[in-house]
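Take a look at the structure below.
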Amino acid sequence: MSNYHIKHLEEYYQVYRKSVREPENFWAEVAEEHFIWRKKWNNVLSWDFRKPEIKWFEGAKLNITENCIDRHLRTKGDKTAIIFEPNNPDEVAQYITYNDLYDRVCKMANVLKEQGVKKGDRVCIYLPMIPELAVSLLACARIGAIHSVVFAGFSSKALATRINDSECKFVIASDGSYRGSKSIDLKGIVDEALEQCPCVQTVLVVKRVHSEVTMKAGRDIWLQPLLDNASGDCVPEIMDAEDPLFILYTSGSTGKPKGMVHTTAGYMVYTAYTFKNVFQYKDDDVYWCTADIGWITGHSYIVYGPLANGATTVMFEGVPHYPDFGRFWQIVDKHKINQFYTAPTAIRALAKQNISFAEAQDLSSLRVLGSVGEPINEEAWHWYNDIIGKKKSPIVDTWWQTETGGIMITPIPFVTPTKPTYATLPFIGIQPALMDENGEEIKGNQVDGRLCIKFPWPSIARTIWGDHQRYKDTYFSAFDNKYFTGDGALRDEVGYYRITGRVDDVIIVSGHNLGTAPIEDAINEHPAVAESAIVGFPHDIKGNALYGYVILKETGEGRDHNNLRNEINQIITEHVGPIAKLDKIQFTSGLPKTRSGKIMRRILRKIACKDINNLGDTSTLLNPEVVQEIIDNAL
Ligand code: WT7
Numbered sequence: 001m002s003n004y005h006i007k008h009l010e011e012y013y014q015v016y017r018k019s020v021r022e023p024e025n026f027w028a029e030v031a032e033e034h035f036i037w038r039k040k041w042n043n044v045l046s047w048d049f050r051k052p053e054i055k056w057f058e059g060a061k062l063n064i065t066e067n068c069i070d071r072h073l074r075t076k077g078d079k080t081a082i083i084f085e086p087n088n089p090d091e092v093a094q095y096i097t098y099n100d101l102y103d104r105v106c107k108m109a110n111v112l113k114e115q116g117v118k119k120g121d122r123v124c125i126y127l128p129m130i131p132e133l134a135v136s137l138l139a140c141a142r143i144g145a146i147h148s149v150v151f152a153g154f155s156s157k158a159l160a161t162r163i164n165d166s167e168c169k170f171v172i173a174s175d176g177s178y179r180g181s182k183s184i185d186l187k188g189i190v191d192e193a194l195e196q197c198p199c200v201q202t203v204l205v206v207k208r209v210h211s212e213v214t215m216k217a218g219r220d221i222w223l224q225p226l227l228d229n230a231s232g233d234c235v236p237e238i239m240d241a242e243d244p245l246f247i248l249y250t251s252g253s254t255g256k257p258k259g260m261v262h263t264t265a266g267y268m269v270y271t272a273y274t275f276k277n278v279f280q281y282k283d284d285d286v287y288w289c290t291a292d293i294g295w296i297t298g299h300s301y302i303v304y305g306p307l308a309n310g311a312t313t314v315m316f317e318g319v320p321h322y323p324d325f326g327r328f329w330q331i332v333d334k335h336k337i338n339q340f341y342t343a344p345t346a347i348r349a350l351a352k353q354n355i356s357f358a359e360a361q362d363l364s365s366l367r368v369l370g371s372v373g374e375p376i377n378e379e380a381w382h383w384y385n386d387i388i389g390k391k392k393s394p395i396v397d398t399w400w401q402t403e404t405g406g407i408m409i410t411p412i413p414f415v416t417p418t419k420p421t422y423a424t425l426p427f428i429g430i431q432p433a434l435m436d437e438n439g440e441e442i443k444g445n446q447v448d449g450r451l452c453i454k455f456p457w458p459s460i461a462r463t464i465w466g467d468h469q470r471y472k473d474t475y476f477s478a479f480d481n482k483y484f485t486g487d488g489a490l491r492d493e494v495g496y497y498r499i500t501g502r503v504d505d506v507i508i509v510s511g512h513n514l515g516t517a518p519i520e521d522a523i524n525e526h527p528a529v530a531e532s533a534i535v536g537f538p539h540d541i542k543g544n545a546l547y548g549y550v551i552l553k554e555t556g557e558g559r560d561h562n563n564l565r566n567e568i569n570q571i572i573t574e575h576v577g578p579i580a581k582l583d584k585i586q587f588t589s590g591l592p593k594t595r596s597g598k599i600m601r602r603i604l605r606k607i608a609c610k611d612i613n614n615l616g617d618t619s620t621l622l623n624p625e626v627v628q629e630i631i632d633n634a635l
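In terms of UniProt numbering, the sequence shown has 107 at position 107, counting the first letter as 1, and numbering is strictly consecutive.
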């Protein structure tokens, strides 16, 4: 028995030990017993972090959609696979059974094939949280095309960069999207992006908001009529274990976004296994993850992980505050949600509202509460635990990353005793290490350091699309023979981990991972701006907000500062997206720099956080006098 489902703490330790001592046997058993393979692997694992090269289940052949859909049809064809809850609560919810999902995915797959999409082609998906989004991912996987989902809150420039980076020939988009009381002209954003994307041949357009859009002849096609004429059966493309399944972009601390490449078999096995255990999913449960499928959380824990387990997974199109701040709790009550998975930023926003929003609804169906995306602070943890979970639904604070594909450090509910703000123990198969500045592993408990992983797990990203060197430099060069996460962490007296936050120039705003460089590049596009630096500072709801220090050119000096601030945020919106707007912009005559010309962000960060009493040694700066000026004018 492979211990697919862990039910008590002793079992956790026993299975964990096995997964570390005999990782190949362990994962082979999980893979063999719980998935369908067209051909078994020749080799469970080969790896070399120094190259880096990682291969799981080499030689195996499979199609992930057979595992997520076809195999459930015999026993669960009429079970709801996806519940679609629309933005507007007056619009009826859709209950898509596994039979329906099979039909919809096959039709979409056939449409893609007719349009010329071939195995290995990249398909960009730019859609709101509507069923066609999940169906598009699965349709690509059905025919072996590599999907690249771009979150539909990204700007046209960000979309164009991502389309060009992986040379997508096809885009699936919609006329628009609903977001609370607003609707957004997504097609307009796509049109603007595609002016810079010569690689795109075809855009398939879903009708969602029924707005007037321009359809470019020879390029844009309405999807529905094609689906109406497509066959509801599509023979799956048989894929190799290590064939890419998708690309998903994540921001780095420097340069352009990194297209993380996830492959088929290992990703499937790990996301399915973690889903089952981290949420203790049982057959009749209804599971809801509030993330957008545009992020890895949605890929792994709305689509692939749940469907591989034959689960019922909810897709919510809307936002937590529409029509009012009770919406999440109404949905929990309406669909009798058993597992609820959200982000600390949402928890903090909801905790600020009148408690009656939560109390008005019956939340007794809830059994497991999840948190992901950033450290959850003590106050938010307790509110979630007490008000939403009534102290009887364990909180799983799940630490992981786009790059890890699946959850890495987490409690297992009803198994691991929880501790506020702690992600607790490594999941089965995960071997964390804390490292010091000299590259040595820090052993023992009650220590802190940089969080690395010592051994591969099945869903680790295999490369950065088109730039393997950058993959090596970013993740495998800071510490020899280890995957470096970019996070700091501490390990307490019993071996529980608490993630303390990024140690690089990535700032997490409302759970969105933002690199400083692309935002600074955008600011510097403003004709009046000479130079800029951004840092994060604590924010009640967003976790962190952005603080920008901007040096103006002479031409900008006489200008109205508030107008400039608006213009700068406008440029950021265009280049990166509204998520990256600055909360505070301080104009300054200089930025503190080292003698080698590197901006000392540490000092700027402290000033933004109003922590000016221990700025450390500033005497070695090239321009120490600027520090006082910045302090005097701080916002
Ligand atoms: C970064 C990865 C993986 C899903 C969403 C984010 C931070 C994520 C936690 C947590 C503390 C967390 C880390 C990580 N993070 N979950 N439970 N506690 N920090 O994916 O955009 O790739 O961001 O999010 O800093 O490195 P991502």
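Even for Gly, the Cβ is constructed at its ideal location relative to N, Cα and C.
State yes or no: is the beta carbon of residue 130 nearer than 8 Å to at least one beta carbon in chain B?
The structure shown contains no chain B; it is built from a single protein chain.
Under the criterion of a Cβ to heavy atom distance below 7 Å, does residue 250 qualify as lining the ligand WT7?
Because some heavy atom of the ligand WT7 lies under 7 Å away, the Cβ of residue 250 counts as near it: yes.
Taking a contact to mean a Cβ-Cβ separation below 8 Å, would you say residue 111 touches residue 241 in this structure?
Taking 8 Å as the Cβ cut-off, residue 111 and residue 241 do not qualify as a contacting pair.
Which ranges does the beta strand (DSSP E) cover as unbroken runs of at least 3 residues, wholly within the region 148–191, from first to last along the chain?
The qualifying runs are 170–174, 177–179 and 182–184.
Indicate, with yes or no, if the ligand WT7 has a heavy atom lying under 7 Å from the CB of residue 501.
For the ligand WT7, at least one heavy atom lies less than 7 Å from the Cβ of residue 501.
Should residue 448 be counted as a contact of the ligand WT7 given a C-beta to heavy atom distance under 7 Å?
Flag unset: Cβ of residue 448 not near the ligand WT7.
Return the chain-ordered list of same chain residues with a C-beta closer than 7 Å to the C-beta of residue 533, the five sequence neighbours on each side being excluded.
Correct list, in chain order: 520, 549, 591, 599, 601 and 604.
At which residue ranges does the region 107–151 contain complete alpha helix (DSSP H) runs of 4 or more residues, listed in the order of the chain?
Within the region 107–151, the complete alpha helix (DSSP H) runs of at least 4 residues are 131–143.
Taking 8 Å as the threshold (C-beta atoms), are residue 365 and residue 332 in contact?
It is a contact, given that the beta carbons lie within the stated cut-off.
Using only the heavy atoms of the ligand WT7, determine whether one of them is closer than 7 Å to the beta carbon of residue 513.
Residue 513 Cβ: within cutoff of the ligand WT7.
Run the proximity test for residue 372: is its beta-carbon closer than 7 Å to any non-hydrogen atom belonging to the ligand WT7?
Yes, Cβ of residue 372 sits closer than 7 Å to a heavy atom of the ligand WT7.
Please state if the CB of residue 247 and the CB of residue 148 are separated by a distance shorter than 8 Å.
Yes, Cβ-Cβ distance for residue 148 and residue 247 is below 8 Å.
Note down, one range per segment and in chain order, each alpha helix (DSSP H) of at least 4 residues found wholly within the region 201–281.
List check, alpha helix (DSSP H) in window: 223–228 and 264–278.
Alpha carbon to alpha carbon, how far is residue 483 from residue 49? Give it in angstroms, no decimals.
Each residue's Cα considered, the two are about 7 Å apart.
If you measure from the CB of residue 401, is any heavy atom of the ligand WT7 nearer than 7 Å?
Checking every heavy atom of the ligand WT7 against the Cβ of residue 401, one is found closer than 7 Å.
Work out the CA separation of residue 435 and residue 156 for me, nearest whole Å.
Going from the Cα of residue 156 to the Cα of residue 435 covers about 40 Å.
Do residue 341 and residue 305 come within 8 Å of each other at the CB atom, strictly closer than that value?
No.
According to DSSP, simplified to helix, strand and coil, what is residue 358?
Note: residue 358 maps to helix in three-state DSSP.
Give the C-beta separation of residue 262 and residue 459 to the nearest angstrom, bearing in mind that I take them to be a contact with Cβ-Cβ under 8 Å.
So it is a contact: roughly 7 Å between Cβ atoms.
Return yes when at least one heavy atom of the ligand WT7 lies under 7 Å from the C-beta of residue 173, else no.
For the ligand WT7, not one heavy atom lies less than 7 Å from the Cβ of residue 173.
Report yes if the C-beta of residue 405 is less than 7 Å from at least one heavy atom of the ligand WT7; otherwise report no.
Because no heavy atom of the ligand WT7 lies under 7 Å away, the Cβ of residue 405 does not count as near it: no.
Hey, residue 315 and residue 296: beta-carbon distance below 8 Å or not?
No, Cβ-Cβ distance for residue 315 and residue 296 is not below 8 Å.
Closer than 7 Å by C-beta to residue 355: which residues in its own chain qualify, once you throw out the five before and the five after it? Chain order, please.
The answer, listed in chain order, is 387.
Quick one, which of 122, 182, 202 and 611 has its alpha-carbon nearest residue 190's?
When each option's Cα is compared against that of residue 190, the closest is 202.
Taking contact to mean 3 or more Cβ pairs, one atom from each stretch, closer than 8 Å, check whether the region 267–275 and the region 77–91 are in contact.
With a cut-off of 8 Å, the region 77–91 and the region 267–275 do not count as touching, because too few Cβ pairs lie within range.
Is residue 375 near the ligand WT7, going by C-beta to nearest heavy atom under 7 Å?
The answer is yes for residue 375.
Identify whether residue 554 lies in helix, strand or coil by the three-state DSSP scheme.
Residue state, collapsed to three classes: helix.
Hey, is the region 400–417 in contact with the region 375–382, meaning 3+ C-beta pairs nearer than 8 Å?
Short answer: they don't touch.
Can you give me the C-alpha to C-alpha distance between residue 299 and residue 443, rounded to a whole angstrom?
Their backbone Cα atoms lie some 34 Å apart in a straight line.
From the DSSP secondary-structure annotation, give me the bridge partner or partners of residue 488.
Bridge partners of residue 488: 450 and 501.
In whole angstroms, give me the CA-to-CA distance for residue 531 and residue 181.
Near 38 Å, if we compare the C-alpha coordinates of residue 181 and residue 531.
Using DSSP with H/G/I as helix, E/B as strand and the rest coil, what is residue 512?
Note: residue 512 maps to strand in three-state DSSP.
Give me the DSSP bridge partner(s) of residue 535.
DSSP lists 547 as partners of residue 535.
Could you tell me which residues DSSP puts in a beta bridge with residue 43?
According to DSSP, which records beta bridges pairwise, residue 43 is partnered with 58.
What does DSSP give as the partner residue(s) for residue 316 in the beta ladder?
Note: residue 316 sits in a beta bridge opposite 85.
What's the call for residue 578, buried or exposed, on a 16-neighbour Cβ count within 10 Å?
The residue in question, residue 578, is exposed, as its Cβ has fewer than 16 Cβ neighbours within 10 Å.
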